[in-house]
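Q: Top line first, the protein sequences correspond to chains A and B. All residue numbers for the first sequence refer to our numbering, where the first residue is -12 and numbers rise by one. All residue numbers for the second sequence refer to our numbering, where the first residue is 21 and numbers rise by one.
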Amino acid sequence: MSSADVTGDRHIPEPDPAKGDLAPERDGPRDTGMDDASLHRWLERTWRTPSGIVGALSSVDHKVIARRYLITAFVFLGLGGLNAVAMRIQLSGPQRGLIGPDLYNQLFTMHGVTMMFLFAVPIVQATGIYLVPLMVGTRNIAFPRLNAFGYWIYVSGGAFAWVSFALNMAPDVGWFAYVPLSGPEFAPGKRADVWAQMITYTEVSSLAVAVATIVTVFKQRAPGMSLDKIPLYVWAMLVTSFVVVFAMPAVMITSTFLILDRLVGTHIFNPAEGGDALLFQHLFWFFGHPEVYIIFLPATGMVSAIIPVFARRLTFGHLGLVLSLIAVGFLSFGLWVHHMFATGLPKLGASFFTASSMLIAIPNGVQIFCWLATLWDGRPVIRTPLLFVFGFFFIFVIGGLTGVMLASVPLDLQVHDTYFVVAHFHYVLIGGSVFPLLGAAYFWFPKITGRMMSERLGRCHFWLAFIGFNAAFFPMHLVGLWGMPRRVYTYPAELGWGNINLFISAGALLFFLSFVLFTFNLVHGALKGTLAGNNPWDAGTLEWATSSPPPSYNFARIPLVTHIEPLWAEREALPVATGLRVDARELLISTVAEAYPDIREKSATPSIWPLFAALAVGGTFLYSIFTPWAIVWGAAPIAITLIGWFWPKGDPEDQE
Amino acid sequence: MTFALCVLLLQGCAGWQSALDPKGPAAGELAWLIWFFTALCAVVWVLVMIALVAPLVMRSRPGDEPLLLDEAAERRKMRVVAFAVGLTAIILIGLTLLSFFANRTLAAIGSEAALTIRVTGHQWWWEVRYEDATPSRILTTANEIHIPAGEPVRLLLTSTDVIHSFWIPSLAGKLDLIPGHMNVLDIKADKPGVYRGQCAEFCGAQHANMGTFIIAEPRPKFDAWLNDQLQPAGAPASGEAKAGADLFLKRPCVMCHRIGGTPAGGTVAPDLTHIASRKTLAAGTLTMSRGNLAAWIADPQGIKPGSHMPVADLNGDELNAIVAYLEGLK
Chain A
-12 MSSADVTGDR HIPEPDPAKG DLAPERDGPR DTGMDDASLH RWLERTWRTP SGIVGALSSV
48 DHKVIARRYL ITAFVFLGLG GLNAVAMRIQ LSGPQRGLIG PDLYNQLFTM HGVTMMFLFA
108 VPIVQATGIY LVPLMVGTRN IAFPRLNAFG YWIYVSGGAF AWVSFALNMA PDVGWFAYVP
168 LSGPEFAPGK RADVWAQMIT YTEVSSLAVA VATIVTVFKQ RAPGMSLDKI PLYVWAMLVT
228 SFVVVFAMPA VMITSTFLIL DRLVGTHIFN PAEGGDALLF QHLFWFFGHP EVYIIFLPAT
288 GMVSAIIPVF ARRLTFGHLG LVLSLIAVGF LSFGLWVHHM FATGLPKLGA SFFTASSMLI
348 AIPNGVQIFC WLATLWDGRP VIRTPLLFVF GFFFIFVIGG LTGVMLASVP LDLQVHDTYF
408 VVAHFHYVLI GGSVFPLLGA AYFWFPKITG RMMSERLGRC HFWLAFIGFN AAFFPMHLVG
468 LWGMPRRVYT YPAELGWGNI NLFISAGALL FFLSFVLFTF NLVHGALKGT LAGNNPWDAG
528 TLEWATSSPP PSYNFARIPL VTHIEPLWAE REALPVATGL RVDARELLIS TVAEAYPDIR
588 EKSATPSIWP LFAALAVGGT FLYSIFTPWA IVWGAAPIAI TLIGWFWPKG DPEDQE
Chain B
21 MTFALCVLLL QGCAGWQSAL DPKGPAAGEL AWLIWFFTAL CAVVWVLVMI ALVAPLVMRS
81 RPGDEPLLLD EAAERRKMRV VAFAVGLTAI ILIGLTLLSF FANRTLAAIG SEAALTIRVT
141 GHQWWWEVRY EDATPSRILT TANEIHIPAG EPVRLLLTST DVIHSFWIPS LAGKLDLIPG
201 HMNVLDIKAD KPGVYRGQCA EFCGAQHANM GTFIIAEPRP KFDAWLNDQL QPAGAPASGE
261 AKAGADLFLK RPCVMCHRIG GTPAGGTVAP DLTHIASRKT LAAGTLTMSR GNLAAWIADP
321 QGIKPGSHMP VADLNGDELN AIVAYLEGLK
């Protein structure tokens, strides 16, 4: 954003002080008419993260929190990947004795739990925390302290799970921990409790992020960004956040019921006492299937952000893509039963879920076709982000089609719980989410660090990942059809699965190495990459309007949006809205549909209390695997930290 | 890679635990369904890939101005996309109907089953009980299920501990064994043969070693087998076996295992009345032999870590005696 001279707002009335929350006499200096240098000084002083360790721990800047989230989630990806490598070494031949069943069962459980709850969901949400406020043109995410709290809870949940693993008490009941296997009778010790409470940590944190994202998108959009001008990535994060809000409570209920059965002696899932083991599966998959879309929808948003930039045109079928996102969000709640076809459900009911599972392929098909149509205008500019999007198409379409196979009840009965399913969901999750995420990493890395990643290494990385992935996971379809169930720590030689498993293990190793190369490229790019400038790809959305990396206040002046791709429409200078105070953290709040500027609102200042609150909550969760009284004793510190968090600051606004 | 995969594919078809090598009507219907879905999905995938690669071979570059769109071209694209969505919908409706009718075919297979077998899942073995109206003709055995070839057989599936899943890929799809629920699976083997399967739902430490076999035999041979199995255990033949029988009753073995015709009446572990007539030990983990019997009794936790079979404190002579006894239980 270059223009200090375009100060007025076009067609849009300046925030009306009479309607606003601040009496005019209490107003400090505003950005109206202020020159660039002093504006920067004011805003930097107001918005920066305080220095020192306490300052860093108090940060509420969405970019700082998001960077921490991204790095933490990436570390968990590495750990989950190491789990996978260990498993693949054990399975590389029949009857290998490297890893026994006790460790192996912990390994695959930790792999699933880490990848789903500590990597996939957090990393897509973290990307949203970083990008959504920038893309909608605001200065911070809504509820920034809640956002910081979410991060601390997530870190403590992840640490809880991995410290348990180091202590040989990691969950060993699979990432969906079916009862009765995870119940009090068949899972003595604390392993299953670790699973149940670890879920609670991560769900609390993702609910916090979801709420903050929804409010940011609804109320903090730059003036003029009416619903039809919201970028597709932001739409994807909005729909995802709603799916989180409706799906996560189901798994929290599941894990809480499990804890109650284990700790308090309820019999919710105990068939001997009138409970029901299948209830667990219904509750879990009512969350579990939307979970897949919580991971996948943000990735579609990334694809929608990358394709138009390299195809050098507007996205084809913008409205269709938005409606597809919403349709997928709704439908994702109507197909959980296809995870349970082998439980012997009534046949008519099962057939209904075949139909609903098939149905969701239609909005997903619409998305695929619209992206392809966007690419048809001529030879696109092939750079690493687009290569990963091509990899996404290649892999995800296979995963989607095997998903159609799994939707068929009779067919599912042969492949359910076999390596065919393992292949399917890795094609969907890695193809559908990790490849777009890698593309997104190359795409937005210059925005986050100010430097480019190496294109040459990027291409090597892509081919290594692409070949390694397919070599590892394609043969799994076959070995599943040949009868190999999932979650076996070994298999007899006479079944003839040895060679193909060796091949799979080699592919898995190659795939793991591609991430080593990626890590090198990240570090190399951050330290030595060429300087990127504000908008290295000549993209059209608002995050590219500010410097790379963005200043603490994101935008010196709040941009005024006139087009879906504002930077393509306003080549000379972006119009801006003015009138915000510069001596206080003030945000422009706009109306939901039309994004008319409505009121000015304070954004929370840095605070150490979210960290303390997270410690209190995390400590309570940890304690609660030992005794239900933890809830009683934990309430006191939680109350104290929340009082500290919400203590009135003496601002005029707070005193009214 | 493609060639290697083809070789592997052909090799796999010969497997005795493969969904692609059907030996019964249910698995046959399912294999046909798998191939049909696979072929159709492959065609769809190839079409999408062609559409994806098409712009890469184009000579033209998109224009410099990303906001400038050719209206006529956009309308053409809209028609193509709408056609593709319509085609997708038709294919999906077709596949839904196909799968519905396949389900009906499967449901009709076992409607006249004369033989009902109750299979109960345990950590980590299968209890097999042949139901009969006459109580003395009810037979309880373990892990290996003999059935008459060419006849439909009804399996009643349940569990007393955790959830397991019964799956013989070459005969039928899998169905879960859930405590508190009873599932019905009808199977039919077209020809005599031995069909392997294993537990498909993760059930704890030894999920990997929970194999089972369906042994399909001609009707007369099956009837003879059933009559043999209904007999109580034979008397020990040698002095060593006699000593083994006494030891069996004095040691912890008797707490869990049943041997028909003796005071051993435990029901929490496999029935050993005719153990030597079975092909494998410990749910498909070891082949039946004197050496394996001894190894299994001496070191169950080494062979199947976590299994519920405890180590019995036996010296070499005692172990030999018990093995000699069990070996005689044909």
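We put the beta carbon where it would ideally sit given N, CA and C, even for glycine.
Could you give the DSSP three-state label for Arg138 (chain B): helix, strand or coil?
A: The residue you call residue 138 (chain B) lines up with position 118 of the second sequence. Strand.
Q: Helix, strand or coil for Pro624 (chain A)? Go by DSSP, reduced to three states.
A: Taking the first sequence and counting its residues from 1, the one referred to as residue 624 (chain A) is at position 637. Three-state DSSP puts Pro624 (chain A) in a helix.
Q: Please state whether DSSP places Trp146 (chain B) in a helix, a strand or coil.
A: Residue numbering aside, residue 146 (chain B) sits at position 126 when the second sequence is read from its first letter. Strand, per DSSP.
Q: What is the rounded straight-line gap between the Cα of Gln78 (chain A) and the Cα of Glu260 (chain A)?
A: Within the first sequence, numbered from 1, the residue matching residue 78 (chain A) stands at position 91. Within the first sequence, numbered from 1, the residue matching residue 260 (chain A) stands at position 273. Here the sequence assigns Leu to residue 78 (chain A), which means Gln is not the residue at that position. Rounded to whole angstroms, Leu78 (chain A) to Glu260 (chain A) spans 39 angstroms at the Cα level.
Q: Give me, in chain order, the residues of the same chain whose beta-carbon lies closer than 7 angstroms to that of Ala675 (chain A); leave out the 5 immediate sequence neighbours on both sides.
A: As shown, chain A starts at -12 and ends at 643. That puts residue 675 (chain A) outside it, with no answer to give.
Q: Taking only runs that begin and end inside the region 215 to 242 of chain B, name each unbroken beta strand (DSSP E) of 3 or more residues, in chain order.
A: 231 to 237
Q: Which runs of the beta strand (DSSP E) at least 3 residues long sit entirely within the region 295 to 371 of chain A? Give them in chain order.
A: With a minimum length of 3 residues, no continuous beta strand (DSSP E) run stays inside the region 295 to 371 of chain A.
Q: Starting from Lys589 (chain A) and walking both ways along the beta strand (DSSP E), at which residues does that stretch end?
A: If you number the first sequence from 1, residue 589 (chain A) lands on position 602. Note, Lys589 (chain A): beta strand (DSSP E), 584 to 589.
Q: Spell out a yes or no on whether the region 549 to 564 of chain A and the region 204 to 221 of chain A are touching, meaning 3 or more CB-CB pairs, one atom from each, closer than 8 angstroms.
A: The region 204 to 221 of chain A and the region 549 to 564 of chain A touch, with three or more beta-carbon pairs separated by less than 8 angstroms.
Q: Could you check whether the Cβ of Ser79 (chain A) sits closer than 7 angstroms to any Cβ belonging to chain B?
A: On the first sequence, position 92 is the one that residue 79 (chain A) refers to. Not one chain B Cβ lies under 7 angstroms of Ser79 (chain A).
Q: Got a sec? Which residues, its chain only, sit under 6 angstroms from Gly426 (chain A) by beta carbon, not counting five neighbours each side?
A: Residue mapping note: residue 426 (chain A) aligns to position 439 of the first sequence, counting from 1. Taken in chain order, the residues that qualify are Ile293, Pro372, Phe375, Val376.
Q: Provide the residue span of the alpha helix (DSSP H) that contains Pro320 (chain B), from first to last.
A: Here residue 320 (chain B) corresponds to residue number 300 of the second sequence, with the count starting at 1. Segment 320 to 323, the alpha helix (DSSP H) holding Pro320 (chain B).
Q: Using a cut-off of 7 angstroms between C-beta atoms, extract the partners of Ser119 (chain B) located in chain A.
A: As a first step, residue 119 (chain B) must be located in the second sequence, where it is residue number 99. Within 7 angstroms Cβ-Cβ: Thr341, Ser395, Val396, Pro397, Leu398.
Q: The alpha helix (DSSP H) that contains Thr287 (chain B), what's its start and end?
A: Sequence index remark: in the second sequence, residue 287 (chain B) carries index 267 (1-based). First-last for Thr287 (chain B): undefined, no H or E at that position.
Q: Say whether the region 249 to 261 of chain B touches the region 57 to 72 of chain B, bearing in mind that this needs 3 or more beta-carbon pairs closer than 8 angstroms, one atom from each stretch.
A: no
Q: Reducing DSSP to helix, strand and coil, say where Gly124 (chain A) ends up.
A: Along the first sequence, read from residue 1 onward, the residue named residue 124 (chain A) stands at position 137. Looking at Gly124 (chain A) - three-state DSSP - the assignment turns out to be coil, as it is neither helix nor strand.
Q: Mind the definition here: the region 246 to 256 of chain A touches the region 308 to 325 of chain A only if three or more C-beta pairs lie below 8 angstroms; say whether that holds.
A: no
Q: From the beta carbon of Ser338 (chain A), is the nearest beta carbon of chain B less than 7 angstroms away?
A: What you label residue 338 (chain A) is simply residue 351 of the first sequence in a count that begins at 1. Yes - at least one Cβ of chain B is within 7 angstroms of the one on Ser338 (chain A).
Q: Is there contact between the region 53 to 65 of chain B and the region 417 to 426 of chain A, where contact requires at least three CB pairs shorter than 8 angstroms?
A: no
Q: Just checking: is the beta-carbon of Ala183 (chain A) within a distance shorter than 7 angstroms of some beta-carbon in chain B?
A: Here residue 183 (chain A) corresponds to residue number 196 of the first sequence, with the count starting at 1. Chain B places no beta carbon closer than 7 angstroms to that of Ala183 (chain A), leaving this residue out of the contacts.
Q: In three-state terms, what does DSSP make of Asp263 (chain A)?
A: In the first sequence, residue 263 (chain A) corresponds to position 276, counting from 1. DSSP, read as helix, strand or coil, puts Asp263 (chain A) in coil.
Q: Checking the sheet assignment: what are the DSSP bridge partners for Val563 (chain A)?
A: Start at 1 with the first residue of the first sequence, and residue 563 (chain A) comes out as number 576. DSSP, once it has assigned bridges, lists A:Pro546 as partnering Val563 (chain A).
Q: Taking 7 angstroms as the CB-CB cut-off, is Leu107 (chain B) touching chain A?
A: The residue you call residue 107 (chain B) lines up with position 87 of the second sequence. It does not; no Cβ of chain A falls within 7 angstroms.
Q: Quick check on this structure: which residue in B:Met230, B:Asp319, B:Ile198 has the alpha carbon closest to the alpha carbon of Gly262 (chain A)?
A: Here residue 262 (chain A) refers to the residue found at position 275 when the first sequence is read from its first residue. Among B:Met230, B:Asp319, B:Ile198, the Cα nearest to that of Gly262 (chain A) belongs to B:Ile198.
Q: Determine which residues share a DSSP beta bridge with Ile207 (chain B) and list them.
A: For this step, residue 207 (chain B) is matched to residue 187 along the second sequence. B:Val173, per the DSSP bridge assignment.
Q: Which residue from B:Ala302, B:Arg95, B:Gly254, B:Met329 puts its Cα closest to that of Ala344 (chain B)?
A: Position 324 of the second sequence, counted from the first residue, corresponds to residue 344 (chain B). Proximity to Ala344 (chain B) across B:Ala302, B:Arg95, B:Gly254, B:Met329 peaks at B:Gly254, based on C-alpha coordinates.
Q: Determine the direct distance from the alpha carbon of Pro325 (chain B) to that of Gly336 (chain A), and round the result to whole angstroms.
A: Counted from its first residue, the first sequence places residue 336 (chain A) at position 349. Counted from its first residue, the second sequence places residue 325 (chain B) at position 305. Going by the C-alpha atoms only, they are around 40 angstroms apart.
Q: Return the residues of the region 475 to 492 of chain A that lie within a Cβ-Cβ distance of less than 9 angstroms from chain D, sorted by chain order.
A: Going by chain labels, chain D is absent from the structure shown, which instead holds the protein chains A and B.
Q: Let's test the definition: count the other Cβ atoms within 10 Å of the Cβ of Ile158 (chain B) and tell me whether it reaches 16, buried, or not, exposed.
A: The count along the second sequence starts at 1 and reaches residue 158 (chain B) at position 138. It is exposed - the Cβ of Ile158 (chain B) has fewer than 16 other Cβ atoms within 10 Å.
Q: Could you check if Ala24 (chain B) is buried or exposed, using at least 16 other CB atoms within 10 Å of its CB as the buried criterion?
A: Here residue 24 (chain B) is taken as the residue at index 4 of the second sequence, counted from 1. With a pLDDT of only 49 at Ala24 (chain B), under the threshold of 50, the placement of this residue in the model should not be trusted; the figure read from the coordinates follows. When all chains shown are included, Ala24 (chain B) counts as exposed.
Q: Using a C-beta cutoff of 7 angstroms, does Arg81 (chain B) count as contacting chain A?
A: Translated into the one-based positions of the second sequence, residue 81 (chain B) becomes position 61. Yes, Arg81 (chain B) lies at the interface with chain A (some Cβ there is under 7 angstroms from its Cβ).
Q: Report back the beta-carbon spacing between Ala157 (chain A) and Arg126 (chain A) to the nearest angstrom; my notes put them in contact at under 8 angstroms.
A: Here residue 157 (chain A) is taken as the residue at index 170 of the first sequence, counted from 1. Here residue 126 (chain A) is taken as the residue at index 139 of the first sequence, counted from 1. Between Arg126 (chain A) and Ala157 (chain A) the Cβ distance is about 41 angstroms, and since that is not below 8 angstroms, they are no contact.
Q: Applying the 10 Å Cβ sphere with the 16-neighbour rule, what's the burial state of Trp644 (chain A)?
A: Missing from the structure shown is residue 644 (chain A); chain A here goes from -12 to 643 and no further.
Q: Taking Cβ-Cβ distances below 9 angstroms as the criterion, which residues of the region 222 to 242 of chain B are in contact with chain A?
A: Phe222, Cys223, Gly224, Ala225, Gln226, His227, Ala228, Asn229, Gly231
Q: Exposed or buried, what is Gly352 (chain A) when buried is set at 16 or more other beta-carbons lying within 10 Å of its beta-carbon?
A: Numbered from its first residue, the first sequence carries residue 352 (chain A) at position 365. Gly352 (chain A) comes out buried.
Q: Going by other Cβ atoms of all chains shown within 10 Å of its Cβ, with 16 needed for buried, is Glu12 (chain A) buried or exposed?
A: In the first sequence, counting from the first residue as 1, residue 12 (chain A) sits at position 25. Any reading at Glu12 (chain A) needs caution, since the residue's pLDDT is 45, under 50, leaving its predicted position unreliable; the model's value is listed next. The residue in question, Glu12 (chain A), is exposed, as its Cβ has fewer than 16 Cβ neighbours within 10 Å.
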